[in-house]
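All remarks here apply to the structure that follows.
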Amino acid sequence: MIATLLPAGGAPLRPVVLALLSHWRRHPVQLVALVVGLAVATALWSGVQALNAEARASYDAAAEQVGGGVPRLVPSDGRTLDQADWVALRRAGWPVSPLIEREVTVGGEPVRLTGLDPLSLPALTGLDLGDGPGQEDAEGDGGDGFASFILPPFQTLAARETLRRLGLAPGDRPVLEDGTALPALVEAPGIAAGVLVADVGVVQRALGLEGRLSGLAIGDDPRPRADLAEVTGTRLSRIEPERPGDLDRLTRSFHMNLTAFGLLSFTVGLFIVHAAIGLAFEQRRAMFRTLRSTGVSARRLSLALMVEILVLAAVSGSLGLIGGYLVAAALLPDVAASIGGLYGAEVPGTLALRPSWFLAGLGMAIAGALVAGTQSLWRAATMPVLASAMPEAWAVAQRRWLRRQGALAGAIALAGLLLPSLGGEILGGLVAGFGMLAAMVVAAALVLPVILAWALTQAERRARPGLMRWFWADGRQQLSGLSLALMALLLALAVNIGVGTMVGSFRATFTTWLEDRLAADAYLNARDAAQAEAIVASLEADPGVTRVLPNWHADTRVQGWPTEVYGFADDPLYRERWPLLDTVGAPWDLVASGEGLLVSEQMAYRLELSPGDAITVPGASGEWTGTIAGIYADYGNPRGQIRVDIDRLTALFPGVERRAFGVLTVEGERARVVGMLGEDFGLGPDQLRDQAGIRALSLSIFDRTFVVTAALNTLTLGVAGIALLTSLVTLSGLRLPQLAPVWAVGLTRRELGVMELARMAALSLATAVVALPLGLGIAWLLVAVINVEAFGWRLPLHLFPGDWLRLAVLAALVAAVATLQPMLRLMRMAPARLIAVFAAAR
69 MIATLLPAGG APLRPVVLAL LSHWRRHPVQ LVALVVGLAV ATALWSGVQA
119 LNAEARASYD AAAEQVGGGV PRLVPSDGRT LDQADWVALR RAGWPVSPLI
169 EREVTVGGEP VRLTGLDPLS LPALTGLDLG DGPGQEDAEG DGGDGFASFI
219 LPPFQTLAAR ETLRRLGLAP GDRPVLEDGT ALPALVEAPG IAAGVLVADV
269 GVVQRALGLE GRLSGLAIGD DPRPRADLAE VTGTRLSRIE PERPGDLDRL
319 TRSFHMNLTA FGLLSFTVGL FIVHAAIGLA FEQRRAMFRT LRSTGVSARR
369 LSLALMVEIL VLAAVSGSLG LIGGYLVAAA LLPDVAASIG GLYGAEVPGT
419 LALRPSWFLA GLGMAIAGAL VAGTQSLWRA ATMPVLASAM PEAWAVAQRR
469 WLRRQGALAG AIALAGLLLP SLGGEILGGL VAGFGMLAAM VVAAALVLPV
519 ILAWALTQAE RRARPGLMRW FWADGRQQLS GLSLALMALL LALAVNIGVG
569 TMVGSFRATF TTWLEDRLAA DAYLNARDAA QAEAIVASLE ADPGVTRVLP
619 NWHADTRVQG WPTEVYGFAD DPLYRERWPL LDTVGAPWDL VASGEGLLVS
669 EQMAYRLELS PGDAITVPGA SGEWTGTIAG IYADYGNPRG QIRVDIDRLT
719 ALFPGVERRA FGVLTVEGER ARVVGMLGED FGLGPDQLRD QAGIRALSLS
769 IFDRTFVVTA ALNTLTLGVA GIALLTSLVT LSGLRLPQLA PVWAVGLTRR
819 ELGVMELARM AALSLATAVV ALPLGLGIAW LLVAVINVEA FGWRLPLHLF
869 PGDWLRLAVL AALVAAVATL QPMLRLMRMA PARLIAVFAA AR
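What follows is the structure in structure tokens.
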């Protein structure tokens with residue numbers, strides 16, 4: 069059947085290909101190893117690419133969502149604007165359309181509720197309701213969609229993914245947390261996931277914002293218009309739309325990490341393929357000599373080998389693509405949670421079959437198989453006609469090649485060390501950091517056989533003559549055939565150590581940071597200003613409450629970067645517990661005076677700020693220039709953040725919403741005070757949380773964020789185990805000439821099997837020892853270089869020796885499982901087969 073895939077005009081090639089394929093029929097274990105290796109490698113690579121493609125498609129959809137592709141006018145004080153401003157601007161010639169956007173909760177799920185006016189909405193906003201003003205025709209709508217949207221009983225538009233997440237169907241009415249029901253849902257493919265869209269008047273009434281707007285979308289109209297300041301003064305600020313790739317650039321580190329994992333797993337899988345193809349070449353040397361002697365040219369033999377590899381790659385790649393889809397579908401919910409938690413981006417929880425990653429995965433499978441078979445193809449093309457048919461000592465270490473391999477590893481390591489200084493400016497710090505990481509990993513993999521060969525040689529020299537010296541010498545001889553599988557194990561263990569150390573350091577730091585940041589006993593957010601005043605009055609009269617601290621904030625842009633400006637009172641609580649990283653002399657006194665401010669670490673990094681620098685903060689009442697008194701940690705926040713004295717905040721943003729507070733209680737009174745606030749003022753879980761609840765929620769989000777990392781770590785280690793198993797299985801038949809003489813002098817087959825197991829355990833533990841410094845180097849690069857470039861903050865590096873011991877035991881366990889089948893096969897082998905080795909000796 070395979071031969072029918074060959075060109076019809078290639079009759080002389082078909083017998084050659086069939087002869088080559090007959091080898092796999094006689095050695096099914098090698099065939100399974102090759103197919104499984106390439107399929108698993110393709111599955112992990114294509115699965116990661118599917119995840120990345122789904123996320124990027126979501127970014128593009130988010131950039132094109134309603135109102136997202138046009139400039140806006142927003143209130144300078146970060147609150148809402150009067151609907152009269154919209155009327156005034158329209159009369160002054162401005163093509164603006166009203167918008168309302170609020171984060172709400174429906175059925176316990178957070179969504180963004182957007183209200184708009186389709187009569188004046190710019191055509192570039194991505195909304196298509198039919199034949200309405202400013203809208204393009206919707207095929208088959210006949211204008212009914214437009215009328216249904218703006219007329220009672222109205223409609224609420226949502227994407228299919230949003231309906232699925234909310235557990236609702238078209239026709240259902242979503243209910244807000246306060247019991248307000250929105251109009252019936254209609255599925256709309258043009259709406260981004262996590263967004264509900266309704267008429268602006270409907271949303272105003274639902275949110276209690278009659279006569280108020282969040283902003284105004286600006287259309288494209290070449291006609292002259294009045295100056296904005298003349299119409300609204302300084303009340304409104306213009307902001308430009310996010311470009312389609314903004315989220316993609318923001319999350320580039322996350323996607324590069326996923327891609328690095330996928331490429332690593334793919335490389336580990338190629339070790340299996342390379343070993344299988346290389347072994348098959350050595351086993352078929354007699355066949356190659358026969359074919360060459362019957363007139364098959366070296367070129368045609370190489371072409372037949374290439375056809376064989378392509379056929380096997382196509383089959384394996386197709387199986388891998390199926391596996392990749394399943395892997396991606398299983399990991400997508402956790403990837404969506406990670407991106408949402410780290411960057412606030414909405415990614416659907418369902419996977420689409422996109423040609424981009426499908427074709428790329430098949431291409432990678434074919435390219436990888438050709439790369440793995442390059443050495444065999446070249447040797448077939450250059451092999452003399454009368455080359456010896458005796459297999460080369462494939463399992464014998466080649467000292468000259470080890471020296472070259474060690475020199476190559478040194479050169480790659482040196483290039484990696486120089487890359488940040490030589491290529492950082494050209495490639496960018498993040499790419500240079502990943503380049504340095506790749507160089508470190510490749511150099512360590514190449515130098516591993518050199519280190520193991522040296523260690524085995526030293527052990528052999530120090531062993532007593534006899535069985536133990538043979539034990540170490542046989543391990544050195546076996547090393548050449550196992551080197552690729554041990555490299556794969558090294559990479560898997562090192563990445564587990566590196567990423568595990570990074571995640572563990574992050575969690576330890578994050579936990580400490582939460583303890584410092586969550587200084588108050590409870591945090592509340594009143595529904596409006598009147599309720600806030602009532603709550604504060606009640607708390608101040610409560611003997612179980614020691615202090616009520618404001619936690620107000622407004623949004624602005626500092627040097628073009630979205631920034632949150634928080635105000636807080638000068639209180640001993642902050643002076644004692646706030647996590648400052650770098651300061652001037654007396655930072656809290658400077659902030660309390662109204663002349664200083666604190667900035668988040670990522671903001672200081674991105675804007676190249678240091679304590680003592682001056683920075684200008686735009687506000688609703690004008691600009692204010694303050695002195696940076698200190699820099700503080702703010703993990704996981706993609707926006708910039710500034711902390712100022714509460715009086716300075718209200719001076720900058722007179723209309724700032726004053727609804728959020730932190731509450732400090734007398735010891736033992738927290739539960740009572742929180743319960744009182746819930747009962748007396750009807751504050752729900754979204755408006756009132758105690759410190760323990762926020763901490764538990766934050767840690768649960770953190771843990772889910774790194775579920776995908778742990779899954780890919782486990783999968784990579786599993787691929788390394790498969791590589792070790794296939795290498796041992798394929799080597800077992802070649803090792804009979806080495807094992808038969810030892811059996812003949814009195815060692816039982818059981819003892820031989822136990823020695824094989826002990827040898828592999830020793831090699832695996834030695835590999836784990838080499839993986840430890842490599843893993844710590846990976847962790848340092850992730851923490852000190854890649855994390856800083858990607859997020860703007862640096863983590864302290866924590867060490868976890870218990871995890872190292874666990875991985876060492878796991879490495880030995882992987883080796884034991886991989887050795888089990890060849891060991892049992894040796895123990896059960898008939899003595900006649902071992903004797904046959906001597907019968908065939910010359």
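Numbering (the numbering used here), first residue to last: 69 to 910.
Note that CB positions come from ideal geometry on N, CA and C, so glycine has one too.
Where does G474 fall in DSSP's three states? helix
Below 8 Å, how does it come out for the region 819-831 and the region 877-886: are there three or more Cβ pairs, yes or no? yes
Could you tell me the alpha carbon to alpha carbon distance between A485 and M504, rounded to whole angstroms? What sits at residue 485 in the sequence shown is Leu, not Ala. Roughly 7 Å between the two C-alpha positions.
R352 to V515, Cα distance in whole Å? 30 Å
Using only alpha-carbon positions, find the residue among L756, L796 and G664 that is nearest to D715. G664
Using 8 Å for Cβ pairs, my map puts L732 next to T614. What's the rounded Cβ distance? 5 Å
Count the other C-beta atoms from every protein chain shown that fall within 10 angstroms of the C-beta of A249, then say buried if there are 16 or more, exposed otherwise. exposed
Euclidean distance between Cα positions of R159 and D153: 10 Å
For T569, does the count of other Cβ atoms within 10 angstroms reach 16, so buried, or fall short, so exposed? buried
DSSP has V263 in a bridge; who is on the other side? R180
Classify Q223 as buried or exposed, calling it buried when 16 or more other Cβ atoms lie within 10 Å of its own Cβ. buried
Contact between the region 551-565 and the region 509-526 is defined here as three or more beta-carbon pairs at a separation below 8 Å; is this criterion met? yes
Are there three or more Cβ pairs, one per stretch, closer than 8 Å when the region 163-181 is compared with the region 278-288? yes
Take A348 and list the residues in its own chain whose beta-carbon comes closer than 7 Å to its own, dropping the five residues that flank it on each side. H91 and Q98
What span of residues does the beta strand (DSSP E) with T173 cover, start to end? V164 to V174
Considering I710, what are the terminal residues of the beta strand (DSSP E) in which it resides? G708 to D713
Could you tell me which of L389, V299 and G635 sits nearest to L112, measuring between CA atoms? L389
Leaving out the 5 sequence neighbours to the left and right, which residues in its chain are closer than 7 Å to I519 when beta-carbon positions are compared? V838
Please return the same chain residues whose Cβ sits closer than 7 Å to the Cβ of G313, not counting the five positions on each side in sequence. Note on G313: pLDDT 42, under 50, position unreliable in the model; no value is reported.
Is it the case that the Cβ atoms of R170 and V263 are separated by a distance below 8 Å? no
Can you check DSSP and say which residues form a bridge with N593? A728
Within 8 Å, do at least three Cβ pairs link the region 683-695 to the region 597-614? no
Hey, out of V116, R530, Q599 and F217, whose CA is closest to S424's CA? V116
Between the CA atoms of L304 and L157 - distance to the nearest angstrom: 11 Å
How do the region 861-868 and the region 586-605 stand: do at least 3 beta-carbon pairs fall below 8 Å, yes or no? no
Between the C-alpha atoms of L236 and G247, what's the straight-line distance to the nearest angstrom? 16 Å
According to DSSP, is S689 part of a helix, a strand, or is it coil? coil
How should L394 be labelled, buried or exposed, when 16 other C-beta atoms within 10 angstroms of its C-beta is the threshold for buried? exposed
Just to confirm, are G843 and G436 a CB contact at a threshold of 8 Å? no
From the DSSP output, in three-state form, read off S678 for me. coil
Indicate whether I259 and L225 have their beta-carbon atoms separated by less than 8 Å. yes
Own chain residues within Cβ distance below 8 Å of S573, not counting five before or after: A847, V851, L863, P864, L865 and H866
Taking C-beta to C-beta, are V21 and Y673 nearer than 8 Å? Residue 21 falls outside the range modelled here, since the chain spans only 69 to 910, and no answer is possible.
Could you tell me how far apart the beta carbons of R817 and L894 are, in whole angstroms, since I believe they sit closer than 8 Å? 6 Å
Specify, as a first and last residue, the run of the alpha helix (DSSP H) that H91 falls within. L81 to R94
A463: buried (16+ other C-beta within 10 angstroms of its C-beta) or exposed? For A463, the pLDDT reaches just 39, beneath the cut-off of 50, and the residue's location in the model is therefore unreliable, leaving the point undetermined.
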